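These protein sequences, in sequence, are chains A and B. The numbering of the first sequence is this note's numbering, which starts it at 1 and goes up by one. The numbering of the second sequence is this note's numbering, which starts it at 1001 and goes up by one. Glycine included, every Cβ here is placed at the ideal spot set by N, Cα and C. All of these numbers come straight from a predicted model, not from anything done at the bench. Notes for the one structure printed next.
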Amino acid sequence: MAAPTGAATLLSKVGMGRYLAKRFGISLLTVFGIVVVVFFIVRVVPGDAASLRAGPYANEERIQYIADQYGLDDPISEQFVDYISGFVRGDLGVSIRTDQPVLGELVDRLPASLELALYSVVLAVLIGVPLGIVAAAKQGTWLDHFARFFAVLGSSMALFWLGLLLIFFFAFGLRWFPGPVDRLAVGTSPPPMVTGFFTIDGVLSGQFAVAWEAVRYLALPVFTLGFVLAAPILKMVRAAMIEALDSDFVRTAKAVGVPRTQMLFVDGTRNALIPVITTIGIVFGFMLGGNIIVEFLFSWPGVGRYAFDAISTRDLESLQGFVIMVGVLYVILNIVIDVGYALADPRIRLGRTSSK
Amino acid sequence: MSTTVPDRSPDFVPEEFAGAEKQSRTRRSLGFVRRKPLLVIGAALLLLFTGLAIIGPFFVGDPLSTDPANTFQPPSAEYWFGTDRFGRDVFARSVYAARLDLTIGIVISVLAMTVGSVIGVIAGYFGGATDEVMMRLTDVVLAFPGFVLALIIVAALEETMVNVILAVSVSFVPYFIRLTRAQVLKERELEYVDGARLAGNSSLRVAFRHVLPNSLGPSVVGATLVTGYAVLTVAGLAFLSVGIQPPTAEWGVMVGEGAKDIITGEWWTSLFPGGMIVLAVMAFHFIGDEFGGDTAS
């Protein structure tokens, strides 16, 4: 029995290697495409690039300074080569507003966004998954209608409106949570940096009061995002569960007399897992760049807020860096998800994705 | 319940019960409400908002006229949604905004669907290198959240309403490319396509006259959902003061302007127009969700 097992491992390793190489090649192409597209959107705009960046009140000297600094008078092909070679060296340019390297500014702000994203997605999963399972099990009943109503409400929700509503009732009205100002109260110094997540760093350093404060400041933005992100998860869980419960093996399980709860929560959920994980991955991917609206509304000092500041001051260099970062992070996340599938499902890594 | 007609075939009414037809029809439509309550809510909302958008502006005052003597009036019989910091009637502005937002949403959706299904049918029907190049380009566009993509396009261009519409449309095109392409891949294997080809039609004609119309189903359902998402995107951009600018009567602009009033207790300037956005988007999503479901978000 040793030989076939060895052969199978070898085959799967070859398959995996080829799959990874192909997947990686496509991703590099996509990243290149992202940089090209963003560069051309930002640089090849009608109008004078330098005066657009300098703002409406700049004098001639300032405009000329910016044109020289960013090489805006060079031919577009030269600018493009400069930008690409900078990108390869990890240089996303220099912010016009702050004169700091864009990449460094983004990296500093990323933990705040990721902390917000992580808890929001966790909340969305905690709402979406159980509701989706129940809706599928009780398909066509009022419970199902309620779950679907909830999903439509979530996907129709304007983040800024829900956020304002929560601020109005829970921060200004009931005063249960702090107002939308920052990650911590003025005067509280952040815990020693380990992960950049104030909740985790607070606990790690034993500053439980700081960690609790971080939780209280997180609550409203997390609820705003979690409510909206729960909708696609709920829809996908419901659809995948209905399909799983309709399949042959569940019918067999039913015939054999497997208890309904076990069927629902063990057999059903296991087979609904892959599409649900994909959806969670996509949802998390959309949160990687932070959320501009929620970070603006709650004055959250993350990359989304950075993007907002860049827009309102017409700092196109920073905005360009932000958009490229979002795209690249999303591509990386997709590789991680796909490799996970390939490990779980041999059909995918052997290139038979469409076999069904 | 006294008439014991089996409920199985709703069209079959035995002669002796012919008189009861009217009653059973109402009962049947009540059954429809019970089976598809979400579709009924959606249709009702859509009717309400369409009516508001078309005839509403004829019945309310000027959305731009200011009244310094009447600033920050709370909701009352005279001002249903109150007045804002300039004394403008929030209800009148919300009604005009309904017309603007719904028009923009529909225009974006139709534009994105047209471009997306043309590209989708070319990629799907001709396959090969054309398909590969188009799908790689689609991957690039899909690597950005739609909101971020629309944002950077509007920020780089002049902030006019036309540019907002174009930018948001671009961000929804890949969704329609994928929907159409997937459908075309199934459709092109069917016999009528071979028939059309054998009858001497050029492949372009087969692709656009025969395959495309038969592959539009999912895109049409998708378009109802995208109309809702487009309204959300445009309003979200306006809330961040990108794109449509004050003093235009637009829901996102109104919420953005009114957001700071919340601190001083004047909740009506932002919460009413924001609620209108959510209700209007729900109308489209209830309907789109019922026919085929939402796989976009």
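Closest Cα partner of residue i within the set the options
i	options	result
A/Phe-308	A/Thr-188, A/Met-16, A/Leu-316 and A/Phe-296	A/Phe-296
A/Tyr-330	A/Leu-92, A/Ser-27, A/Lys-22 and A/Val-134	A/Ser-27
B/Thr-1180	B/Val-1121, B/Gly-1087 and B/Leu-1047	B/Val-1121
B/Gly-1087	B/Ser-1065, B/Ala-1077 and B/Ile-1106	B/Ser-1065
A/Gln-262	A/Tyr-70, A/Phe-223 and A/Ile-133	A/Ile-133
A/Ile-324	A/Leu-20, A/Phe-24, A/Lys-22 and A/Phe-39	A/Phe-39
A/Leu-234	A/Ile-84, A/Ile-277 and A/Ser-85	A/Ile-277
B/Leu-1190	B/Ser-1171, B/Val-1211 and B/Arg-1178	B/Val-1211
A/Pro-191	A/Ala-209, A/Gly-179 and A/Phe-170	A/Ala-209
B/Leu-1111	B/Val-1253, B/Pro-1174, B/Arg-1035 and B/Ile-1263	B/Pro-1174
A/Ala-211	A/Ala-171, A/Leu-184 and A/Ala-54	A/Leu-184
A/Ala-230	A/Gln-64, A/Val-283, A/Gly-196 and A/Ser-247	A/Val-283
B/Ile-1055	B/Gly-1274, B/Ser-1109 and B/Leu-1100	B/Leu-1100
A/Tyr-119	A/Phe-169, A/Ile-200, A/Asp-182 and A/Ala-253	A/Ile-200
B/Phe-1126	B/Glu-1187, B/Ile-1165, B/Ile-1108 and B/Val-1168	B/Glu-1187
B/Gly-1124	B/Tyr-1079, B/Ala-1207 and B/Ile-1287	B/Ala-1207
A/Thr-188	A/Ala-214, A/Thr-141 and A/Arg-97	A/Ala-214
B/Pro-1218	B/Gly-1288, B/Tyr-1192 and B/Gly-1275	B/Gly-1288
N-terminal and C-terminal residue of the alpha helix (DSSP H) that residue i is part of
i	result
A/Val-134	102 to 137
B/Asp-1131	1128 to 1142
B/Asn-1201	No alpha helix (DSSP H) holds B/Asn-1201; DSSP gives it neither H nor E.
B/Gly-1298	Nothing can be reported for residue 1298 of chain B: it is not among the residues displayed for chain B, which extend from 1001 to 1297.
A/Leu-358	As shown, chain A starts at 1 and ends at 356. That puts residue 358 of chain A outside it, with no answer to give.
A/Pro-75	No alpha helix (DSSP H) contains A/Pro-75, which DSSP labels as neither H nor E.
B/Val-1168	1161 to 1187
A/His-145	142 to 156
A/Lys-254	248 to 256
B/Trp-1251	1251 to 1258
B/Phe-1072	Counting along the chain, B/Phe-1072 falls outside any alpha helix (DSSP H), and DSSP gives it neither H nor E.
A/Arg-305	303 to 312
A/Gln-69	60 to 69
B/Thr-1050	1037 to 1055
A/Asp-201	198 to 204
A/Met-192	The sequence given here places Pro at residue 192 of chain A; Met does not occur at that position. Segment: none, A/Pro-192 is in no alpha helix (DSSP H) and carries neither H nor E.
A/Ser-299	First-last for A/Ser-299: undefined, no H or E at that position.
A/Gly-163	159 to 166
A/Ala-171	It is not in any alpha helix (DSSP H) - A/Ala-171 carries neither H nor E in the DSSP assignment.
B/Ile-1152	1146 to 1156
B/Val-1226	1217 to 1239
Cβ separation of residue i and residue j, assumed to be a contact under 8 Å, to the nearest whole Å
i	j	result
B/Met-1282	B/Leu-1045	6 Å
B/Val-1312	B/Gly-1243	The structure shown does not extend to residue 1312 of chain B, since chain B spans only 1001 to 1297, so no value can be given for it.
B/Arg-1154	B/Leu-1237	Note that residue 1154 of chain B corresponds to Val in the displayed sequence, not to Arg. Sure, about 6 Å apart at Cβ, within 8 Å.
B/Ile-1277	A/Ala-151	At roughly 18 Å, the Cβ-Cβ gap does not stay under 8 Å, so B/Ile-1277 and A/Ala-151 are not in contact.
B/Ser-1203	B/Gln-1183	About 18 Å separates the two Cβ atoms, so there is no contact after all.
A/Leu-362	A/Tyr-306	There is simply no residue 362 of chain A to check, as chain A begins at 1 and stops at 356 in what is shown.
A/Pro-178	A/Arg-216	6 Å
B/Ala-1092	B/Ala-1280	About 17 Å separates the two Cβ atoms, so there is no contact after all.
B/Val-1221	B/Phe-1291	5 Å
B/Ile-1119	B/Met-1134	6 Å
A/Ala-417	A/Met-287	Any property of residue 417 of chain A remains undetermined from this structure, which presents chain A solely from 1 to 356.
A/Leu-165	B/Leu-1271	7 Å
B/Pro-1063	B/Ala-1249	4 Å
A/Leu-358	A/Ala-147	One cannot answer for residue 358 of chain A here, as it falls past the ends of chain A, which runs 1 to 356.
B/Ile-1262	A/Phe-24	Wrong, their Cβ atoms sit about 48 Å apart, outside the cutoff.
For residue i, the residue or residues it bridges with in DSSP
i	result
B/Asp-1089	B/Thr-1083
A/Val-94	A/Pro-101
Distance cut-off 6 Å: residue i Cβ against heavy atoms of the ligand SAH
i	result
A/Trp-161	Of the ligands one can find in the structure shown there are none, so the ligand SAH has no counterpart to examine.
Return the residues of the stretch 1254 to 1287 of chain B that lie within a Cβ-Cβ distance of less than 9 Å from chain A, sorted by chain order.
Using a CB distance below 9 Å, the part of the stretch 1254 to 1287 of chain B facing chain A consists of Val-1255, Gly-1256, Gly-1258, Ala-1259, Ile-1262, Ile-1263, Gly-1265, Trp-1267, Ser-1270, Leu-1271, Pro-1273, Gly-1274, Gly-1275, Ile-1277, Val-1278, Leu-1279, Ala-1280, Val-1281, Met-1282, Ala-1283, Phe-1284, His-1285 and Phe-1286, ordered along the chain.
Check distances from the C-beta atoms of the stretch 1117 to 1140 of chain B to those of chain A and list, in chain order, the residues that come in under 8 Å.
For the stretch 1117 to 1140 of chain B, the set of residues with a beta-carbon nearer than 8 Å to any beta-carbon of chain A comprises Arg-1136, Leu-1137, Asp-1139 and Val-1140, in chain order.
Give the residues from the stretch 295 to 311 of chain A that approach chain B closer than 9 Å (Cβ to any Cβ), ordered along the chain.
When CB distances to chain B are screened at a threshold of 9 Å, the residues of the stretch 295 to 311 of chain A falling below it are Phe-296, Leu-297, Ala-307, Phe-308, Ala-310 and Ile-311, in chain order.
Chain A contacts made by the stretch 1047 to 1072 of chain B, where a contact means CB separation under 8 Å
Listed in sequence order: no entries.
Can you pull out the residues from the stretch 323 to 335 of chain A whose beta carbon lies closer than 7 Å to at least one beta carbon of chain B?
Residues of the stretch 323 to 335 of chain A whose Cβ lies closer than 7 Å to any Cβ of chain B, in chain order: Val-323, Val-326, Gly-327, Tyr-330 and Val-331.
May I ask you to list, following chain order, the residues of the stretch 108 to 123 of chain A that have a beta carbon less than 7 Å from some beta carbon of chain B?
So the list is empty, because no residue satisfies the distance condition.
For the stretch 1078 to 1100 of chain B, which residues have a CB atom closer than 9 Å to at least one CB atom of chain A, in sequence order?
Taking 9 Å as the Cβ-Cβ cut-off against chain A, none of the residues of the stretch 1078 to 1100 of chain B qualify.
Which residues of the stretch 1156 to 1178 of chain B have a Cβ closer than 9 Å to any Cβ of chain A? Give them in chain order.
Result list: Ala-1156, Leu-1157 and Glu-1158.
Of the residues that make up the stretch 1229 to 1240 of chain B, which ones have a beta carbon closer than 7 Å to any beta carbon in chain A?
Along the stretch 1229 to 1240 of chain B, the positions whose C-beta sits under 7 Å from a C-beta of chain A are Leu-1232, Ala-1235, Gly-1236, Phe-1239 and Leu-1240, read in chain order.
Taking a Cβ distance cut-off of 9 Å, strictly less, list which residues of the stretch 136 to 161 of chain A are near chain B, in chain order.
Of all residues in the stretch 136 to 161 of chain A, those with a C-beta nearer than 9 Å to a C-beta of chain B are Gly-140, Trp-142, His-145, Arg-148, Phe-149, Ala-151, Val-152, Leu-153, Ser-155, Ser-156, Met-157, Ala-158, Leu-159, Phe-160 and Trp-161, reading in chain order.
Contact residues within the stretch 1182 to 1210 of chain B, judged by C-beta distance below 7 Å to chain A
Cβ contacts with chain A: none found.
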